[in-house]
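FYI, our numbering numbers position 324 of the sequence shown as 304, with every residue one higher than the one before it. Okay, so here's the structure we're looking at.
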Amino acid sequence: MRSWTSDLRHSLRGLGRTPWFTSLAVITLALGIGANTALFSLVSAVLLRFLPFPEVERLVILEATHPRRGPTSIGPDDFRDWREQNTVFDAMAYTMPSQANFTGQSFPDFAGPERLTGTEVSEGFFELLGVQPLLGRWFRPEEQQPGRNRVLILSYRTWVRRFGARPDILGQSLTLDGHSYTVVGVMPEDFRFNEGHVPEYWIPLAHQASGRLVHQYRGYARLKPGVPVEAAQAQLSAIARRLEEAYPATNTGWGVRVTAFPDALKDRFGAPIAILFAVVAVVLLIACANVANFLLARAAGRTREIAIRRALGAGREHVVRLFLGESLMVSLAGGGLGLLLASWAVDLGARAAPEWMDLGSIVRVDRHVLTFSFVLSVVAGILTGLAPAWQALREDVNRDLKPGDACGTTGSSGGRLRGLLVISEVALATPLLILAGLLTRSFVSVLDVDLGFRTAGILTFRIELPPARYAGQQARVQFYDDLLHRVGRLPGVKAVGGADSVPMSGVHTGGRVEIEGRPMPLDGEQFNAGCRWVTPQYFQTLGIPLRRGRFFSEQDRENAEPVIVVNEAFARRFFAGEDAVGKRIRTAYDGRWRRIVGIVGDTRHSGPETPARPETFTPFAQQAPGRIFLAARTAIDPSALAGAIRREVRALDRDLPVSGVKTMEEALSDQVAMRRQLTRMTGSFGALALLLAALGIGGVVWYSVSRRTQEIGLRMALGARQGGVVWLILKRGIALSVTGLAIGFGLALGLTRLLGSLLYGINPNDPLVFTVMPVLLTLTMLAAAWLPARRAAAIDPMSALRHE
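Spelled out as structure tokens, the structure:
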């Protein structure tokens, strides 16, 4: 123990005498350890705390499947049959997203109307999850019946934010969409069940027979103890086949998919997480190789000290302990600094994640993270200390004790080991840079996609009209007309239009379309299309081009001929080889036959990575829904109009909140946020790997110069030119770089095939990336080697010949 303490004190003093070396080594390891710790914190939050339910492995997601639509929402009638005929589930429930206008003038601290986002849940939902309310109770069975008492449960966050955590909140009445709801419960602070949004309330969702064509709910179930997911899948698939035989008109082609909760998370985030973990692991390995090279160079100057220790009886374990103690102190210091960097990076990562994940509330540096960081630091310390320890044991004690070697030398094996470490750094950095290049190219390809509509200078916002106060068609149309007129008069507004959903709003409406004179096939999914309701100026405002026919006009009112506009994708699918204009169709949302009066260009409604689908557009004035997204095209900064638009809405109805205010460019940014963050992170780590590899090359070449000072002086004294000296030193770095690059290039060719779904619009072996990135790496390595080579060429021959 005393020997350990003595060695540690000696190593600590030695590190203190070389502050630049120590600082560089600590910072290098801190970057690698910090990156790994930050990612571990984020991933552990997603996989361990994102689903805080007992026996979460028994919870499964139920989805309807169809060959043309893939996994999608479920229908209540099919769900009822699954529930009645299965023997594998303890409990089943389904949900549907909800939004409502909250008006609470009865509360003394009411801050104005607000649009709240919540979830409608069927009977047994909370019991299925195995949680308990913080206050109050769950919904009673009779409250799940249509038309019965309206009750709700608040989230903890809404209870605190909106109602100041009032202990008397139970029994209070809240007004949502003009209806009074009684608060019967408050959820615990740590409860989270986010389905693409963070719920602020829950209300009962009653089962209503709405036909088997409806697919709009999210289904969940809890497996019975001991029942595997595969057994549940087999049984529900058999039930789906029986329903297909019993209801061919509605269930042809429809199946069901059962997915365990943890597996669903892995399916959604597994590929990006795996890529990032591989990236940060490579960065740490490069950092370890770099620090090992630093320690090897430092150990080369301690050969006399090690030789004396061994001559005085120090054993091999003593030498190993000496070097491992030094490397462990460096790595633990790097781990401590890395932990600070990780805390900062975790906060950035949580804020960059999609809002619905709400990572900021569950990410924390806990004991698991601290343990991970400590273990990683110890492993890094061992990895970096083994190389100099092994090299020290291979040195010749008799040679190192000779007076002529006072400066300390190392054998050729030491140079080979340093070279191998540099080769490994370059080999690891190469595929990392190529990965960063591929993701960058893919991201650029996404941004270059023609969306089919204008994004610059467009502000969008959402308004929901409460059915209690806007029950009739005429009342809704009048409100929309007045609002469009008011917004259109605002300074800077060039055009304004509205629709029940605008591109990239996250709102989708669709259903079957019937074409006059054609029979409806059993597999009605062939005749499925998106359905939109729009105002006359909607297309012009968003810059959607007219291909044939006409746009809607102010004359397309309720008493005029029912008309409709379709997009090019609709015309291609349903009227290939013929003119769609003049034909009549009707949608699942409208019983009237409507004449097609125009064909417009395709738009990517769900974002740049989702192809355009067939869509229909119905005039607002002929069938006005309760929801409208207004889009204003402006000649000024569109975000500057948000306040003025809110004032215009309040002038028409002071109880109507304005929600979802964002520019179309912000909506596009939200759509590509995950891809952008992945690209940024891999690009940053790739740049870091490039820097570390350059330090490795530069360090080896610099060390070579320091060890060959006398040789260089002699060569120059005998007439060697500076260019020849530069090449003499430079070729060592070039040889190491080329070798590492060749190995890394081969690794990249094999690994990029695994990227698959992460790339868009480019080949995994994209020739541009596989050319540019290696060239960039080569130039960086040459620059790193050239600097010490230039230093060698500037050596004064007389000073070099006197060098010891």
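All residues carry an ideal CB built from backbone N, CA and C; glycine is no exception. Because the structure is a prediction, the values reported are computed rather than measured.
- Within the same chain, and ignoring the five residues on either side of F423 in sequence, the residues whose Cβ sits closer than 6 Å to its Cβ are R655 and T659.
- DSSP places L203 inside the beta strand (DSSP E), whose first and last residues are R198 to L203.
- If you draw a straight line from the Cα of G571 to the Cα of E494, it is about 10 Å long.
- If you draw a straight line from the Cα of R733 to the Cα of N745, it is about 8 Å long.
- Where Q458 is concerned, the enclosing alpha helix (DSSP H) starts and stops at Q453 to G468.
- Of the residues F303, A612 and L397, the one whose Cα lies closest to the Cα of R442 is A612.
- Beta-bridge annotation (DSSP): V514 is paired with A479 and P599.
- Note that the C-beta distance between L39 and I54 is not below 8 Å.
- Assigned with DSSP and collapsed to three states, P56 falls in helix.
- Taking the C-beta atoms as reference points, L735 is found no nearer than 8 Å to L256.
- In the three-state scheme derived from DSSP, where H, G and I count as helix and E and B as strand, A615 is classed as coil.
- At the C-beta level, L154 and F82 come within 8 Å of one another.
- Your pair L19 and V260 checks out as a contact, with CB atoms roughly 5 Å apart and the cut at 8 Å.
- Of all alpha-carbon atoms in L245, Y450, T75 and P113, the one lying nearest the alpha-carbon of I183 is that of T75.
- Between the segment 464 to 475 and the segment 597 to 613, the count of Cβ pairs shorter than 8 Å is three or higher; the stretches touch.
- DSSP, read as helix, strand or coil, puts L320 in helix.
- Taking the CA atoms as reference points, S485 sits about 8 Å from S586.
- Bridge partners of R575 according to DSSP: V543 and R564.
- Contact between the segment 622 to 636 and the segment 454 to 469 is present, with at least three C-beta pairs closer than 8 Å.
- In the structure shown, R442 falls within a strand segment according to DSSP collapsed to helix, strand and coil.
- By the Cβ-count criterion, W513 is buried, with 16 or more other Cβ atoms from all chains shown falling within 10 Å of its own Cβ.
- Note on geometry: alpha-carbon atoms of A722 and L739 lie some 24 Å from one another.
- For F532, the secondary structure class from DSSP, reduced to helix, strand or coil, is coil.
- Here T760 has L670, A673 and A674 as same chain residues with Cβ atoms under 8 Å from its own Cβ, once five neighbours each way along the sequence are excluded.
- Shortest Cα-Cα distance from I13 to any of E496, A333 and V271 involves V271.
- In terms of CA proximity to G726, T410 leads the group T410, G562 and V163.
- Taking C-beta atoms as the reference points, Y200 and G98 fail to come closer than 8 Å.
- When the five nearest sequence neighbours on each side are left out, the beta carbons in the same chain lying within less than 7 Å of the beta carbon of V681 are those of I709, R712, G713, A765, P768 and A769, in order along the chain.
- Counting only residues of its own chain and dropping the five nearest sequence neighbours on each side, A267 has a CB closer than 7 Å to the CB of T8, L9, L11, G12 and L672.
- Judged by DSSP in its simplified three-state form, T489 adopts coil rather than helix or strand.
- In this model, W234 and D57 are separated by some 13 Å (Cα to Cα).
- Taken through DSSP and simplified to helix, strand or coil, G235 comes out as strand.
- The distance from the Cβ of G510 to that of P594 is about 7 Å, consistent with a contact at the 8 Å cut-off.
- Judged by their CB atoms, A360 and L275 are not nearer to each other than the 8 Å cut-off.
- In the structure shown, E224 adopts helical secondary structure according to DSSP, grouped into three states.
- For the pair R574 and G529, the Cα-to-Cα distance works out to about 15 Å.
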